[in-house]
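Chemist:
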Amino acid sequence: MLKKTKILIYFFQIIMYQILSLIQSINVNINSTISLFFSLILIYCILSQRNNKRIINFNIVIITSCIGDALLSFMHIISNIEIIYTDHYSYYTINGVLGKFSLTSKNIFFVIFIFTYCQYFCYFSLSISLFYKFMFLCKNEKYNRKLLFQYIILIILIALLLSVIKIFILYAATKEPHENINKYYLNEQQKINTNTLSFNRKHYGFIIQEIFVLIFIIISFFTIIIFGILVTKKLNKKNIKKSGKTVDLRNKMKSVILMQMISAFIFTIIPVFLTSLYFFTSLYFSSLGHIILIMTSYLPLSNIIIHIFFTYDYKYRVLQLIFPNKHINKRKRYKAITEIFKFFFLATNVCYSNQDGKLSYQKRKTRKLLHVKSNGFVQSEYSSYL
1372 MLKKTKILIY FFQIIMYQIL SLIQSINVNI NSTISLFFSL ILIYCILSQR
1422 NNKRIINFNI VIITSCIGDA LLSFMHIISN IEIIYTDHYS YYTINGVLGK
1472 FSLTSKNIFF VIFIFTYCQY FCYFSLSISL FYKFMFLCKN EKYNRKLLFQ
1522 YIILIILIAL LLSVIKIFIL YAATKEPHEN INKYYLNEQQ KINTNTLSFN
1572 RKHYGFIIQE IFVLIFIIIS FFTIIIFGIL VTKKLNKKNI KKSGKTVDLR
1622 NKMKSVILMQ MISAFIFTII PVFLTSLYFF TSLYFSSLGH IILIMTSYLP
1672 LSNIIIHIFF TYDYKYRVLQ LIFPNKHINK RKRYKAITEI FKFFFLATNV
1722 CYSNQDGKLS YQKRKTRKLL HVKSNGFVQS EYSSYL
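Residue numbers (my numbering): 1372 to 1757.
1. Are there three or more Cβ pairs, one per stretch, closer than 8 angstroms when the segment 1590-1602 is compared with the segment 1631-1645?
2. For the beta strand (DSSP E) holding isoleucine 1499, just list the boundary residues, first then last.
3. What distance in whole Å lies between the Cβ atoms of isoleucine 1595 and valine 1627, which are believed to be in contact at a cut-off of 8 angstroms?
4. In three-state terms, what does DSSP make of serine 1461?
5. Look up isoleucine 1454 in the DSSP assignment and say whether it is helix, strand or coil.
6. Are three or more beta carbon pairs between the segment 1455-1468 and the segment 1489-1498 nearer than 8 angstroms?
7. Does the contact criterion of 3 or more C-beta pairs under 8 angstroms hold for the segment 1520-1537 versus the segment 1474-1481?
8. Check this for me: beta carbons of isoleucine 1641 and isoleucine 1394, under 8 angstroms apart or not?
9. Return the Cβ separation of alanine 1441 and leucine 1411 in integer angstroms, given the expectation that the two are a contact with Cβ distance under 8 angstroms.
10. In or out: arginine 1572 buried (at least 16 other Cβ within 10 Å) or exposed?
11. Select from Val1399, Leu1672, Phe1638 and Phe1429 the residue whose C-alpha is nearest the C-alpha of methionine 1506.
12. Taking just the CA atoms, how far does phenylalanine 1484 sit from isoleucine 1536?
13. Short of 6 angstroms in beta carbon distance, which residues of its chain neighbour glutamine 1580, apart from the five on each side in sequence? Order them along the chain.
14. Taking the alpha carbon of asparagine 1402 as the point to measure from, which residue in Phe1445, Ile1431, Tyr1415 and Ser1419 has its own alpha carbon closest?
15. Near glycine 1576, what residues of its chain come up, given a Cβ to Cβ distance below 7 angstroms and the 5 sequence neighbours on each side ignored?
16. Ignore the nearest five residues each way along the sequence and tell me which others in isoleucine 1414's own chain have a CB closer than 8 angstroms to its CB.
17. Whose C-beta lies closer than 6 angstroms to the C-beta of leucine 1501 among residues of the same chain, with five residues either side of it excluded?
18. Nearest to phenylalanine 1481 by CA position, among Leu1497, Leu1531 and Ile1499, is which residue?
19. Please report the distance separating the alpha-carbon of isoleucine 1578 from that of valine 1689.
20. With a Cβ-Cβ cutoff of 8 angstroms, do cysteine 1509 and lysine 1605 count as a contact?
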């Protein structure tokens, strides 16, 4: 009975691996392409407004974060690294554009190093924006560019240190490929693909490296929490003006801080703790690497969404760059974007209801709303919005 259970679990892991491998390939490519596209657009929008010295430090913060997001998205696209965990081994496979070339082991180590560095830099760069808000509101250091650059350099050095440690540990734990994993987990293209390295999962160096990563990631996360709490506390002080435009700006900043905290927890803390699971034989499973990489692919996308739609007025510049021949009224930009998403949501609901063949009351109501939206929005208002 126990043997049959192990066999069922084993085949379940193989099926989950194949499914999550497909999801990762599609999901990572879509997320990375979108985040890379909007990161480059946002960088262009900021550089085109470089004469605005009033917010030059703020622009440095946004550009630093966008560069990290763009690099990680680019590495996701060209490498599309797959990680497989087994009882005794972990396998790193280079796919994507680089997977079409026959890479040496040194080249694979270099790709893993660059990917790891971009990943850690994105993890730590989440705190840069909150650090700037802390300087601006709590310490009255709005124009202290030296302190800001020191903080950015510190993040760069920490990410570099962790990446170097990981590469040295991977090099020390390198093992020959295991035939069983090639037989059951890797597809035909990967079997003939030489861009795969295998590592001893039980090597003591992985424990040391994971301890370093956990320490720095937890410190970074608590730094975000502390900066966020201090800035929010400053915004809630009684001596701050309670009416007028400052109320909207203050509430908007609180929303941004909350979203940055949530993003830091979901896309940094959870993947790092999931990575530590493969040290426990009873808890790990082979598809864990795919889940971690899928979650990591959402990190640049969440960052760029926060920067564009909830920070300063860059959403207006991005819309003007995407639709250069359209006149965009500032009062209707929010409404245009909102109506587009509502229309997409309603159309999706009707599509699913038609596939089922059974329309409930709610689905019939959705169809009616869709008809109203299509007449009231698409035919008359959309052209005026954009």
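C-beta atoms are modelled at their ideal positions from N, C-alpha and C, and glycine is treated no differently.
Modeler: For this structure:
1. yes
2. It is not in any beta strand (DSSP E) - isoleucine 1499 instead sits in the alpha helix (DSSP H) that spans 1476-1504.
3. Valine 1627 to isoleucine 1595, Cβ: 12 angstroms. No contact.
4. strand
5. strand
6. no
7. no
8. no
9. 6 angstroms
10. buried
11. Phe1429
12. 10 angstroms
13. Ile1536, Lys1537 and Ile1540
14. Phe1445
15. Ile1540, Ala1543 and Ala1544
16. Ile1434, Cys1437, Ile1438 and Ala1441
17. Ile1595, Phe1598 and Gly1599
18. Leu1531
19. 44 angstroms
20. yes
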